[in-house]
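Taking it in order: structure first as structure tokens, then the write-up.
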Amino acid sequence: MERTLSKPTDAQRRHRIAELLCQAIHLAEASDALRARLSEKEAEELGLIGDTPDAASPEDRVFQYLASMRAASPAAICSGTGLSRASVQRALQRLARERQIVVEGQTRSVVYHLNRMEPDAAQLERN
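Counting in UniProt numbering, the sequence shown runs from 1 upward without gaps.
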């Protein structure tokens with residue numbers, strides 16, 4: 001059984017292009033706003049200087065978004081970064097495992113924000 005994909009109409013193509021442009025504009029504005037709030041050294045540490053948003057890893061994009069927004073739900077992170085739900089979930093799990101972000105709430109009320117606390121001495125020794 002062979003599946004064939006239907007060719008999108010011109011209206012569908014224009015709609016998809018508009019969606020992608022909106023995401024790119026949103027990412028650029030969030031990055032510019034974050035750069036304005038941070039010192040040059042902090043922006044360099046976050047990877048905002050010299051990198052385009054597309055070149056950054058999903059973890060970097062999620063981290064940058066959380067740094068600019070203070071706290072966000074997974075759905076807000078998806079729309080703000082332009083990443084898929086699966087990519088955002090994997091990035092959030094890695095960042096939480098590395099203790100770079102903190103998870104508050106459960107299931108539908110979950111919110112993520114940056115971990116502003118220093119790691120304990122025992123954790124540093126193990127690494």
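Even glycine gets a Cβ: it sits at the ideal position worked out from N, Cα and C.
- Annotated three-state conformation of L114 is strand, per DSSP.
- Secondary structure at A56: coil, using DSSP grouped into helix, strand and coil.
- Going by DSSP, E104 is part of the beta strand (DSSP E) stretching over 101 to 104.
- The closest CA to that of L27, considering only P58, T4, V103, R116, is found on P58.
- Nearest neighbour of Q89 by Cα position, chosen from R116, N115, R70, R61, turns out to be R61.
- The alpha carbon of L114 has as its nearest neighbour, out of A72, A18, L21, the alpha carbon of A72.
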